[in-house]
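Colleague: Quick note, the sequences are listed as chains Y and W, same order. Each residue of the first sequence is one higher than the one before, counting from 333 in our numbering. Each residue of the second sequence is one higher than the one before, counting from 100 in our numbering. First the structure, which I've put down as structure tokens, then a few questions once you've had a look.
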Amino acid sequence: MHEAGPAEHELLRQSVRDFATNTSPEAEVRRLMATPHGFDREVWSVMASQLGLQGMAIPERYGGAGFGWTELAIVFEEFGRALLCAPYFATVALAVPALLASDDEDRKQRHLPAIASGELVATVAWRANAADEVTARGTSGDGYELHGRRSHVIDGCIAGLLLVPALGPEGPGIFAVEGGAPGLSHETRPTLDETRKQAEIVFDGCPARPLEPAGDGAAMLARVERLAAVALACEQVGGAQHCLDDAVDYARDRMQFGRPIGSFQAVRHRCADMLLDVESARSMAARAVELAPDDPQFGTAAHMAKAYCSEAFVRVAAANIQVHGGIGITWDHSAHLYLKRAKSSQLLFGNPQQHRAALAALVRSAA
Amino acid sequence: MSAAPTTMTGPAPSALAARVERLLAEAPSPGVDGGIPFRAAQFEAGLAWVSFPVGHGGLGLPPGHQLVVDRLLRDAGVEPANLRNPIGYGNVAPVLAAYGTDEQRRRYLRACFTTEDIWCQLMSEPGAGSDVAGIATTARRDGTGWLLRGQKVWTSLAHVARWGLAVVRTDQEKPKHAGLTCFVVDMHAPGVEVRPLRMLNGKADFNEVFLDDVPVADDNRVGEVGGGWQVVRSNLDGERAAFGAEGDEPDPGEDLLAWWARACVDDPVLTDRVMAAVIRSRAARLTAERTQRGAAGGAVHPAIVKLLSSEAKQHTLEVALDAQGVAGTLYAPDGYALEQPVRVGIMQGDPAARYLRVQALTIEGGTSAVLRNVLADAVLGLPREPRFDTGIGWREIPRNAGEYERKVRGR
């Protein structure tokens, strides 16, 4: 794996921020969130060909840049700050770790270079609730077919590759399904956060191949879910930082009672609280990133980060609306976009209460 | 090639380590005579405060180099001087190094470091809490010296202190910040009375100090007449930076987690509350480590560390007490027995004792309300609130002189 130093990280942050500023101004976020697929394929290609962001943490032998989570964290934070509309989270935080967690050399060779080059959008059709049952049955040949449904698949309508955790004859596994496979049907769901698309997907005997080792899906999935939680935590830090900056700018400018509202202690203290949330969330996300993906303490840090950063971002995004007052509750102001992202990412991939329960279970099992 | 100025040269960290090793090899054992001879040798070796000038306990090095010394000595099992004389070591000595005369440094620094002389600082007053610059204790000229008159409060260690660093008002007509001057006060001088101040937990962490025309010689003035505010400011900054530094104090979050694991809690609601407190506590600690140890994320303003840490501890100790259920209504039999003034660690005693102790954390060293204003100014750059105490003489500023406090305390 490549080791980059603080100077390279600052360069990366600046180039990702420039890219997001140029390709994802608010007007573009609003245009894309109103489209069914919610992303611009051309921007997605440029993201791969010019910056190599999709392949950032893909090993070089599979066409990536061979960096790790420290570098990915910077990208997630900056994209979260800009609310950049693209299937980056689904592809890079879900599908890539699932492929890398498997021993399936054939699948890795086939999909990872296509992801790194920007040709392939991929996702994991995760199990979002108890009704989300999918089973894999063996077919007459040596193949499998999937039956069941998944109700909250991130970018499920546009993914060329779906990785589906399902119960197979050998036990829990992760199964690869092509986006246009027969027996697969998907429907875009209306979402609270319009910048992140979800699909309901029905598998009706759709052909699938297990990622090796077959029947060992539980460990792979646990790893994927923790990394997804940390990617969201990084996005949340970036989004929260945007909300803080936005609130402070407004509080400096907005005059009432003959003075800027930012000179009233009630507003100053609200902004100071936002700062405390942003900085403490940054500490938690950074710690989890530092331990990702293999440190024995990573699970603990990941659960803590997702539980903490989710709540911090929701508080900060809601406070930003309150600092803005009347303009903050209009459609035309961007504050609601961040609140919706905050609330939605709080509830996706384990809400804070579930992560605290998972943390408790980890502590208990270690005791 | 130009030679570095001689004042800037000094041993590199490796040479510093060698110096520490030589001290450990040659000095009297730290176990002898309460460690005083050892600390005297440490002072002579310039390893007391390495950033101080040579001959005054230092080597003229950057302050960060002290960490190298402290770590090596801790590894060798030497008790740090700042445990016995925290105010002297951490607050007063840097002030004397920056603002004192050579004569004052010679007179005080050595015994301060050896802990032969314990120090306190006489700053807050009943009428000047967050607003330290509003103090009303006066010093008036008396021949060649001064007479100090007034009351100080929240004075840690005053009951054992040999010396106190006082800030007092030498000019009541000037604006509040301009009329202040600092003095070293002999705590054994006539007119000094120290009384323990009993706190809500029944203990006396602090003292109040009454000054009844206490004589102070002019050569015990620190800094210029009217230059006291500058001295106080540098002192407060040091105090705030020290808060949230964990030192050897156990982390209440880790302690609560260990209790939860031992107690086999199966109530999911309590478990959720415990985990939330543990996580918040961890967030505070990781944020402190960004500044103290260069942990990931970059350094933060000390007020961020202090706010997160104090508020997380209150949250954590509240959960810890609630978790006791009805047993939490008891407070150990010696709970309300007044003892000699003693610094009570926040993890000392039963959950009720800890719960009571942490209430002070968001008041001492800068209240949470004041620190949020500090962040609004210093980090966020928000416009300041209009003030009503600037541009006029101190005497004209509306204030109270501690009437409420006197009524509450029955005098």
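Quick reminder that beta carbons are idealized off the backbone N, C-alpha and C, glycines included.
If we ignore side chains and look at the alpha-carbon of each, how far apart do R421 of chain Y and A560 of chain Y end up?
Modeller: Arg is not the amino acid found at residue 421 of chain Y; the sequence shown has Phe there. Taking the straight line joining both Cα atoms gives about 8 angstroms.
Colleague: Take S347 of chain Y as the anchor and find which of Y:S676, Y:L383 and Y:G590 has the nearest alpha-carbon.
Modeller: For S347 of chain Y, the nearest C-alpha among the options comes from Y:L383.
Colleague: Could you tell me whether the Cβ atoms of L543 of chain Y and I506 of chain Y are closer together than 9 angstroms?
Modeller: Yes. Within cutoff.
Colleague: Since F399 of chain Y is in the beta strand (DSSP E), which residue starts that stretch and which ends it?
Modeller: Per DSSP, F399 of chain Y belongs to no beta strand (DSSP E) and is neither H nor E.
Colleague: Taking E484 of chain W as the query, report the chain Y residues whose CB atoms sit under 8 angstroms from its CB, ordered along the chain.
Modeller: Within 8 angstroms Cβ-Cβ: S595, F596, Q597 and R600.
Colleague: Flag G516 of chain W as yes if its beta-carbon sits less than 9 angstroms from any beta-carbon of chain Y, otherwise no.
Modeller: The structure shown does not extend to residue 516 of chain W, since chain W is modelled only from 100 through 510, so no value can be given for it.
Colleague: Could you spell out the range, first to last residue, of the alpha helix (DSSP H) harbouring Q386 of chain Y?
Modeller: Counting along the chain, Q386 of chain Y falls outside any alpha helix (DSSP H), and DSSP gives it neither H nor E.
Colleague: Give the range of the beta strand (DSSP E) segment to which I486 of chain Y is assigned.
Modeller: From DSSP, the beta strand (DSSP E) with I486 of chain Y extends over Y476 to I486.
Colleague: Compute the Euclidean distance between the alpha carbons of G145 of chain W and L115 of chain W, then round it to the nearest angstrom.
Modeller: So the alpha carbons of these two residues sit roughly 10 angstroms apart.
Colleague: Quick check on W512 of chain W: buried or exposed, where buried means 16 or more other Cβ atoms within 10 Å of its Cβ?
Modeller: Because chain W is modelled from 100 through 510, residue 512 of chain W falls outside the range shown and cannot be assessed.
Colleague: From A633 of chain Y to Q573 of chain Y, what does the alpha carbon distance come to, in whole angstroms?
Modeller: One C-alpha to the other measures close to 21 angstroms.
Colleague: Which of the residues in the region 392–418 of chain W, read from start to end, lie with their CB under 7 angstroms from any CB of chain Y?
Modeller: So the close ones are A395, G396, V399, I403, L406 and L407.
Colleague: Should L166 of chain W be labelled buried (16 or more other beta-carbon atoms within 10 Å of its own) or exposed?
Modeller: It is exposed - the Cβ of L166 of chain W has fewer than 16 other Cβ atoms within 10 Å.
Colleague: Okay, do the region 417–437 of chain W and the region 397–404 of chain W touch, 3+ Cβ pairs below 8 angstroms being the bar?
Modeller: No: the two stretches stay apart, fewer than three of their Cβ pairs being nearer than 8 angstroms.
Colleague: What number of angstroms, rounded off, separates the C-alpha of N319 of chain W from the C-alpha of R261 of chain W?
Modeller: N319 of chain W and R261 of chain W: Cα-Cα distance of roughly 14 angstroms.
Colleague: Figure out for me which residue from W:L182, W:L479 and W:S408 has the closest Cα to the Cα of S612 of chain Y.
Modeller: Of the candidates W:L182, W:L479 and W:S408, the one whose C-alpha sits nearest the C-alpha of S612 of chain Y is W:S408.
Colleague: In chain Y, which residues lie less than 7 angstroms from A477 of chain W when you measure between Cβ atoms?
Modeller: Going along chain Y, no residue has its Cβ under 7 angstroms from A477 of chain W, so there is no contact; the nearest lies around 10 angstroms.
Colleague: Looking only at its chain, what residues have a beta carbon closer than 8 angstroms to the beta carbon of T455 of chain Y, apart from the 5 residues adjacent to it on each side?
Modeller: The residues are P419, A422, T423, L426, A427, V485, I486, D487, G488, A491, L493, L494 and L495.
Colleague: CA-CA distance, I234 of chain W and L279 of chain W?
Modeller: Going from the Cα of I234 of chain W to the Cα of L279 of chain W covers about 9 angstroms.
Colleague: In angstroms, rounded to a whole number, what distance separates the CA positions of T662 of chain Y and H668 of chain Y?
Modeller: Going by the C-alpha atoms only, they are around 8 angstroms apart.
Colleague: Mind pulling the chain A residues with CB within less than 7 angstroms of A699 of chain Y?
Modeller: No chain A is present in this structure, whose protein chains are Y and W.
Colleague: Find out if the Cβ-Cβ distance for the pair H687 of chain Y, A624 of chain Y is shorter than 9 angstroms.
Modeller: No, the pair does not count as a contact, with Cβ atoms beyond the cut-off.
Colleague: How about P367 of chain W: is its C-beta nearer than 9 angstroms to some C-beta of chain Y?
Modeller: Closer than 9 angstroms: yes.
Colleague: For D230 of chain W, would you say it is in contact with chain Y, using Cβ-to-Cβ distances shorter than 9 angstroms as the test?
Modeller: Output row for D230 of chain W: interface = no.
Colleague: Express the C-alpha separation of M388 of chain Y and L364 of chain Y in angstroms, rounding to a whole number.
Modeller: Those two C-alpha atoms are separated by around 24 angstroms.
Colleague: Tell me which residue opens and which closes the beta strand (DSSP E) that K251 of chain W is part of.
Modeller: It spans G244 to V252 - the beta strand (DSSP E) in which K251 of chain W sits, taken as one unbroken run.
Colleague: Residues of chain W with a CB under 8 angstroms from the CB of V580 of chain Y: which are they?
Modeller: Ordered by position in chain W, the residues that pass the 8 angstroms Cβ test against V580 of chain Y are L479, G480 and L481.
Colleague: Check each candidate in Y:V407, Y:D350 and Y:P391 and name the one with the smallest Cα separation from V562 of chain Y.
Modeller: When each option's Cα is compared against that of V562 of chain Y, the closest is Y:V407.
Colleague: Can you list, in chain order, the stretches of the alpha helix (DSSP H) that have 4 or more residues and sit fully within the region 572–649 of chain Y?
Modeller: Listed in chain order, they are 597–623.
Colleague: Please state if the CB of V368 of chain W and the CB of W359 of chain W are separated by a distance shorter than 9 angstroms.
Modeller: For W359 of chain W and V368 of chain W, no; Cβs fall outside 9 angstroms.
Colleague: How is the alpha helix (DSSP H) around P450 of chain W delimited, first residue to last?
Modeller: Where P450 of chain W is concerned, the enclosing alpha helix (DSSP H) stretches over P450 to V457.
Colleague: With DSSP as the reference, label R205 of chain W as helix, strand or coil.
Modeller: Reduced to three states, the DSSP call for R205 of chain W is helix.
Colleague: Check whether the region 281–300 of chain W and the region 262–271 of chain W are in contact - that is, three or more C-beta pairs closer than 8 angstroms.
Modeller: A contact exists between the region 281–300 of chain W and the region 262–271 of chain W.
Colleague: Under 8 angstroms by Cβ, that's how I've got A411 of chain W and A383 of chain W pegged, so tell me the actual separation to the nearest angstrom.
Modeller: Confirmed, about 4 angstroms.
Colleague: Secondary structure at C417 of chain Y, three-state DSSP: helix, strand or coil?
Modeller: Coil.
Colleague: Counting pairs of beta carbons, one from the region 308–323 of chain W and one from the region 162–182 of chain W, are three or more of them closer than 8 angstroms?
Modeller: Segments in contact, no.
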